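Q: For the record, the sequence lines run as chains A and B.
Here the numbering used here = 1-based position in the first sequence + 1162.
Here the numbering used here = 1-based position in the second sequence + 1162.
Here a beta-carbon is modelled for each residue, glycine too, at the ideal position from N, C-alpha and C.
Since we're looking at a predicted model, the values are computed, not measured.
Number of protein chains: 2
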Amino acid sequence: MDRAVGRREVTIRDVAAAAQVSKATAARALGDYGAVRGEVRERVRRAAAQLGYRPNAVARTMSTGRSQTIGMVVGDIQNPFFAQAARGASDAADAAGYELILSNSDEAGATETKAIGVQLDKRVDGLLIAPASSSRADALRAVTDAGRPLVLFDRTVPGLEADAVVADNRRGAIELTRLLTDAGHRRIAFLSTIEHPGGYRRGDIISISSVADRVAGFEHAMRDAGADAVVRLGAPRDDVEQVAVELLTGEGAVTAVVASDSLIALDVYRACRDLGLRIPRDVSLVAFDDADWAGLVEPGITVMSQPMHAIGAEAAGILLSRIGGAGGRARVRVFDQELILRGSVAPPPEPSGRP
Amino acid sequence: MDRAVGRREVTIRDVAAAAQVSKATAARALGDYGAVRGEVRERVRRAAAQLGYRPNAVARTMSTGRSQTIGMVVGDIQNPFFAQAARGASDAADAAGYELILSNSDEAGATETKAIGVQLDKRVDGLLIAPASSSRADALRAVTDAGRPLVLFDRTVPGLEADAVVADNRRGAIELTRLLTDAGHRRIAFLSTIEHPGGYRRGDIISISSVADRVAGFEHAMRDAGADAVVRLGAPRDDVEQVAVELLTGEGAVTAVVASDSLIALDVYRACRDLGLRIPRDVSLVAFDDADWAGLVEPGITVMSQPMHAIGAEAAGILLSRIGGAGGRARVRVFDQELILRGSVAPPPEPSGRP
DNA sequence: ATGAAAGCGCTAACAA
DNA sequence: TTGTTAGCGCTTTCAT
Chain A
1163 MDRAVGRREV
1173 TIRDVAAAAQ
1183 VSKATAARAL
1193 GDYGAVRGEV
1203 RERVRRAAAQ
1213 LGYRPNAVAR
1223 TMSTGRSQTI
1233 GMVVGDIQNP
1243 FFAQAARGAS
1253 DAADAAGYEL
1263 ILSNSDEAGA
1273 TETKAIGVQL
1283 DKRVDGLLIA
1293 PASSSRADAL
1303 RAVTDAGRPL
1313 VLFDRTVPGL
1323 EADAVVADNR
1333 RGAIELTRLL
1343 TDAGHRRIAF
1353 LSTIEHPGGY
1363 RRGDIISISS
1373 VADRVAGFEH
1383 AMRDAGADAV
1393 VRLGAPRDDV
1403 EQVAVELLTG
1413 EGAVTAVVAS
1423 DSLIALDVYR
1433 ACRDLGLRIP
1443 RDVSLVAFDD
1453 ADWAGLVEPG
1463 ITVMSQPMHA
1473 IGAEAAGILL
1483 SRIGGAGGRA
1493 RVRVFDQELI
1503 LRGSVAPPPE
1513 PSGRP
Chain B
1163 MDRAVGRREV
1173 TIRDVAAAAQ
1183 VSKATAARAL
1193 GDYGAVRGEV
1203 RERVRRAAAQ
1213 LGYRPNAVAR
1223 TMSTGRSQTI
1233 GMVVGDIQNP
1243 FFAQAARGAS
1253 DAADAAGYEL
1263 ILSNSDEAGA
1273 TETKAIGVQL
1283 DKRVDGLLIA
1293 PASSSRADAL
1303 RAVTDAGRPL
1313 VLFDRTVPGL
1323 EADAVVADNR
1333 RGAIELTRLL
1343 TDAGHRRIAF
1353 LSTIEHPGGY
1363 RRGDIISISS
1373 VADRVAGFEH
1383 AMRDAGADAV
1393 VRLGAPRDDV
1403 EQVAVELLTG
1413 EGAVTAVVAS
1423 DSLIALDVYR
1433 ACRDLGLRIP
1443 RDVSLVAFDD
1453 ADWAGLVEPG
1463 ITVMSQPMHA
1473 IGAEAAGILL
1483 SRIGGAGGRA
1493 RVRVFDQELI
1503 LRGSVAPPPE
1513 PSGRP
């Protein structure tokens, strides 16, 4: 009756007793390591099954120092990009017997730091992070300082010696932009939601490397074409449509836009519709990430697709190998992106491209 | 030099030594519980900050039995429904100082059982589960048997005494279906991907309660209207489009379809497009879940929107209160769904509804 | 208000 | 091959 209320968990001690061996032997039989006589092993296993024994992973972590858990910090799991990367990481972790603890940073440094702290306190064996800003090397160094491997995904942090898995965003942006300039566009906007206090001016340092690379590629292609680059960062997530409207109307209206992700493309699309602007007749639109709806609307949206699941899986794979003790310098693995041509690009309305 | 390599972690022992107090006092000061003299508390805190002390959450779990972590098992995090529910749960957990461990079940019983086992072994304080099947009460009972609270979301499991947070799917299905029958449709399909070996026949028990409720509502509304209900379950996730094509063509082609989630609706939409069928002129389409693209295509898709973030947050809230010791019988909390009328419903092509 | 010591369940040296 | 013992870092009686 004394162990009634909480129905005390069955521990390895109970199993050992039932199988008439010592705790150590029971542990060896169950964890199969060390040496145990076949017959004894069987006896222990039966006892364990019989009692419904489940090892206490916390205790195991306590004594081994390893938790079989990895942490992952994403911007927002509701963003399909992160959801797919998370799934990729989860699959890879799972296959290796690891579990995944997930946190959202909302792309805010403070939130990210807190999340990392908690994960570290929980003794994750390693961390997967899409850093909210490339100026946060210090915050990230807390991970390696704690002696745990860290791999970045989607973004790198200059000055931080860490593995990273990213897409070739510069190249992707160049290809996407060329589509537009080749079609004759002379004034094109690049639109992103990442914060950039004070508004972007050519040459500014952009805090998220993937976006920085895209902007660099965009500007490069625009310069090549001798066209006007309008880079608009910091559009509020829930008000992108308004920003798009501003870009698309008035004096310096652009005739095409490059959306930095599928969520942004969605709002640009909405803005066009509300403005009565037809794609691609009145405005051309291209975007990063192949959202499910991009091929659904008529005409479809031309996009640069990133292998998101693979990026997540690869990042987890690298992390796992580091956890397993793999040495060597940090490397950044760059995935190619895939251009998916659909019908959202056409020459601009006033054919400035034709003499 | 002996503690060089792994640069041993700073423990409460080190803090205690630095502050010249006992471990117990240091722990009290840091965890602020028990009684500690103000001046001593300060001294300890300074020492901790100085040394960069971080409590070891694992050790704490070890001695308190509580991990400040909750587990969540979803079908697939890439499904926007689950992504949003996960975000809701994560937000609620976070606000209460809890972390979330996430697993995907892929709607497979075995995977789910394994995930639950791992989570339990990790000593999560409670579990949030969208059960893969309502016939899995036993597998779920492992959670309560382990003395940890369990709350289901999106689905219930008859015969299992557990809190649950769901949407009013029966009502939702009725409203959606009535839209169709009122428009004159006499042969309508309900399409879902959930497995149902052998194909569905009226009266069969459907393994996922949310779908079962939708089918019940659908059949109810169809009977009311004296119309032909075609219930098609078990469409393979990556081949829904083909199933939709079959439904939409040939002898007994339907003139309208109710898609059980937004992913399915997407494929039905694709099927229509490939078949050259116009929505809503040739076929009417309604669906559950308000995907971002539903309002984007032309015309928009009429949907029944579920408060996914709220469902996740509420589920986590209930779980947290149970963890906090809240007693009382298990309750199921039902959220209303919201009908969003757009333009995807019209009378069927052969106006059988008009005399 | 503070300290000493036990203990959470497991693994890992070390003995036997 | 097996058992004994000593921790892992923290919280928590129980004394003082």
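For residue 1370(A), name the three-state secondary structure that DSSP assigns.
A: Mapped onto the first sequence, residue 1370(A) falls at position 208. Of the three classes helix, strand and coil, the one that applies to residue 1370(A) here is coil, per DSSP.
Q: Is there contact here, the region 1347-1365 of chain A with the region 1316-1329 of chain A, by at least three beta-carbon pairs under 8 angstroms?
A: In short, these stretches do not touch, since the Cβ pair count stays below three.
Q: Where does residue 1171(A) sit, in a helix, a strand or coil, going by DSSP?
A: Counting from 1 along the first sequence, the entry for residue 1171(A) is found at position 9. DSSP places residue 1171(A) in coil when its eight states are reduced to three.
Q: Just the C-alpha distance for residue 1478(B) and residue 1228(B), rounded to the nearest angstrom, thanks.
A: Along the second sequence, read from residue 1 onward, the residue named residue 1478(B) stands at position 316. Along the second sequence, read from residue 1 onward, the residue named residue 1228(B) stands at position 66. Straight-line Cα distance between these residues: approximately 16 angstroms.
Q: Count the other CB atoms, across all protein chains shown, that sit within 10 Å of the CB of residue 1503(A); report buried if there are 16 or more and exposed otherwise.
A: Reading the first sequence from its first residue, position 341 is the one you call residue 1503(A). Under this definition residue 1503(A) is an exposed residue.
Q: Of the residues 1218(B), 1353(B) and 1488(B), which one's Cα is nearest the Cα of residue 1391(B)?
A: As a working mapping, residue 1391(B) is identified with position 229 in the second sequence. Nearest C-alpha to residue 1391(B): 1353(B).
Q: Which residues in chain A sit within 7 angstroms of residue 1261(B), going by Cβ to Cβ distance?
A: Translated into positions along the second sequence, residue 1261(B) becomes position 99. The answer, in chain order, is 1263, 1280 and 1284.
Q: Three Cβ pairs or more, each shorter than 8 angstroms: is that satisfied between the region 1433-1450 of chain A and the region 1391-1409 of chain B?
A: These segments do not touch.
Q: Please go through the region 1202-1246 of chain B and give each complete beta strand (DSSP E) segment of 3 or more residues, from N-terminal end onward.
A: Taking only runs of at least 3 residues, the beta strand (DSSP E) segments lying wholly in the region 1202-1246 of chain B are 1231-1236.
Q: For residue 1215(B), which residues of its own chain have a beta-carbon under 6 angstroms away from its beta-carbon, when the five flanking residues on both sides are left out?
A: What you label residue 1215(B) is simply residue 53 of the second sequence in a count that begins at 1. Contacts found: 1172 and 1177.
Q: Does any CB atom of chain B fall closer than 8 angstroms to the CB of residue 1437(A)?
A: Translated into positions along the first sequence, residue 1437(A) becomes position 275. Residue 1437(A) does not count as touching chain B.
Q: Give the DSSP-derived three-state secondary structure of residue 1198(B) in the structure shown.
A: One-based indexing of the second sequence puts residue 1198(B) at position 36. Coil, per DSSP.
Q: Quick check on DSSP: helix, strand or coil for residue 1323(A)?
A: Taking the first residue of the first sequence as 1, we reach residue 1323(A) at position 161. Coil at residue 1323(A), not helix or strand.
Q: Measuring CB atoms only, is the region 1298-1306 of chain B touching the region 1464-1480 of chain B, in the sense that at least three cross pairs come out at less than 8 angstroms?
A: Verdict: no, contact absent.
Q: Work out the CA separation of residue 1379(B) and residue 1333(B) for me, nearest whole Å.
A: For this step, residue 1333(B) is matched to residue 171 along the second sequence. For this step, residue 1379(B) is matched to residue 217 along the second sequence. For residue 1333(B) and residue 1379(B), the distance between alpha carbons rounds to 6 angstroms.
Q: Indicate whether the contact test is met: 3 or more Cβ pairs, each with one atom in the region 1262-1270 of chain B and one in the region 1485-1495 of chain B, closer than 8 angstroms.
A: No, the region 1262-1270 of chain B is not in contact with the region 1485-1495 of chain B.
Q: Please name the residues in the region 1211-1236 of chain A whose beta-carbon is closer than 8 angstroms to at least one beta-carbon of chain B, in chain order.
A: Residues passing the 8 angstroms Cβ filter: 1216, 1217, 1218, 1219, 1220, 1221, 1223, 1224, 1229 and 1231.
Q: Within this structure, are the beta carbons of residue 1450(A) and residue 1376(A) separated by less than 8 angstroms?
A: Counted from its first residue, the first sequence places residue 1450(A) at position 288. Counted from its first residue, the first sequence places residue 1376(A) at position 214. In contact: residue 1450(A) and residue 1376(A) (Cβ atoms closer than 8 angstroms).
Q: Listing by chain order, which chain A residues have their CB less than 8 angstroms from the CB of residue 1252(B)?
A: Position 90 of the second sequence, counted from the first residue, corresponds to residue 1252(B). Those are 1239, 1264, 1265 and 1266, listed as they occur along chain A.
Q: Counting only Cβ-Cβ distances shorter than 8 angstroms, please list the residues of the region 1374-1403 of chain B near chain A, keeping chain order.
A: So the list is empty, because no residue satisfies the distance condition.
Q: So which of 1279(B), 1293(B), 1313(B) and 1509(B) has the shortest CA-CA distance to residue 1446(B)?
A: By 1-based counting over the second sequence, the position of residue 1446(B) is 284. The shortest Cα separation from residue 1446(B) among 1279(B), 1293(B), 1313(B) and 1509(B) belongs to 1509(B).
Q: Do residue 1239(A) and residue 1286(A) count as a contact pair if the criterion is CB distance below 8 angstroms?
A: The residue labelled residue 1286(A) in the question sits at position 124 within the first sequence. The residue labelled residue 1239(A) in the question sits at position 77 within the first sequence. Contact flag unset, no.
Q: Compare the C-beta of residue 1431(A) with all C-beta atoms of chain B and state if any pair is closer than 8 angstroms.
A: Position 269 of the first sequence holds residue 1431(A). So, interface residue.
Q: For residue 1483(B), name the three-state secondary structure that DSSP assigns.
A: The residue labelled residue 1483(B) in the question sits at position 321 within the second sequence. Reduced to three states, the DSSP call for residue 1483(B) is helix.
Q: Against residue 1459(B), what residues of chain A qualify as contacts under a CB-to-CB distance less than 7 angstroms, listed in chain order?
A: Here residue 1459(B) refers to the residue found at position 297 of the second sequence. Correct list: 1458 and 1459.
Q: Which stretch, first to last residue, makes up the beta strand (DSSP E) that contains residue 1421(B)?
A: Numbered from 1 along the second sequence, position 259 holds the residue referred to as residue 1421(B). 1418-1421 is the span of the beta strand (DSSP E), which, as asked, contains residue 1421(B).
Q: Quick check on this structure: which residue in 1393(A), 1388(A) and 1200(A) has the alpha carbon closest to the alpha carbon of residue 1409(A)?
A: As a first step, residue 1409(A) must be located in the first sequence, where it is residue number 247. Looking at the Cα atoms, 1393(A) is the closest of the given residues.
Q: Please report how far the alpha carbon of residue 1383(B) lies from the alpha carbon of residue 1373(B), in whole angstroms.
A: Taking the second sequence and counting its residues from 1, the one referred to as residue 1383(B) is at position 221. Taking the second sequence and counting its residues from 1, the one referred to as residue 1373(B) is at position 211. Whole-angstrom Cα-Cα distance: 15 angstroms.
Q: Hey, does residue 1249(B) have any beta-carbon neighbour from chain A nearer than 8 angstroms?
A: Along the second sequence, read from residue 1 onward, the residue named residue 1249(B) stands at position 87. It does; some Cβ of chain A falls within 8 angstroms.
Q: Counting only the same chain and skipping the five closest in sequence on each side, list residues whose C-beta sits under 7 angstroms from that of residue 1185(B).
A: Translated into the one-based positions of the second sequence, residue 1185(B) becomes position 23. Excluding sequence neighbours, residue 1185(B) sits near 1174, 1175 and 1178.
Q: I need the DSSP call for residue 1507(B), collapsed to helix, strand or coil.
A: Taking the second sequence and counting its residues from 1, the one referred to as residue 1507(B) is at position 345. Three-state DSSP puts residue 1507(B) in coil, outside helix and strand.
Q: For the putative contact between residue 1473(A) and residue 1247(A), defined by C-beta atoms under 8 angstroms, what is the C-beta separation to the nearest angstrom?
A: Residue mapping note: residue 1473(A) aligns to position 311 of the first sequence, counting from 1. Residue mapping note: residue 1247(A) aligns to position 85 of the first sequence, counting from 1. Their Cβ separation, rounded to whole angstroms, is 6 angstroms, which keeps residue 1473(A) and residue 1247(A) in contact under 8 angstroms.
Q: List, in order along the chain, the chain B residues whose C-beta lies closer than 8 angstroms to that of residue 1468(A)?
A: The count along the first sequence starts at 1 and reaches residue 1468(A) at position 306. Neighbours of residue 1468(A) on chain B: none; closest Cβ ~14 angstroms, over 8 angstroms.
Q: Using a Cβ-Cβ distance under 8 angstroms, would residue 1428(A) count as near chain B?
A: Taking the first residue of the first sequence as position 1, residue 1428(A) is located at position 266. True, the Cβ-Cβ gap to chain B drops below 8 angstroms.
Q: Relative to the C-alpha of residue 1253(A), which residue among 1488(B), 1277(B) and 1253(B) is closest?
A: Stepping through the first sequence from its first residue, residue 1253(A) is reached at position 91. Out of 1488(B), 1277(B) and 1253(B), 1277(B) has the C-alpha closest to the C-alpha of residue 1253(A).
Q: Identify which residue in 1272(A), 1255(A) and 1355(A) has its Cα closest to the Cα of residue 1421(A).
A: Translated into the one-based positions of the first sequence, residue 1421(A) becomes position 259. For the residues 1272(A), 1255(A) and 1355(A), the minimum Cα distance to residue 1421(A) belongs to 1355(A).
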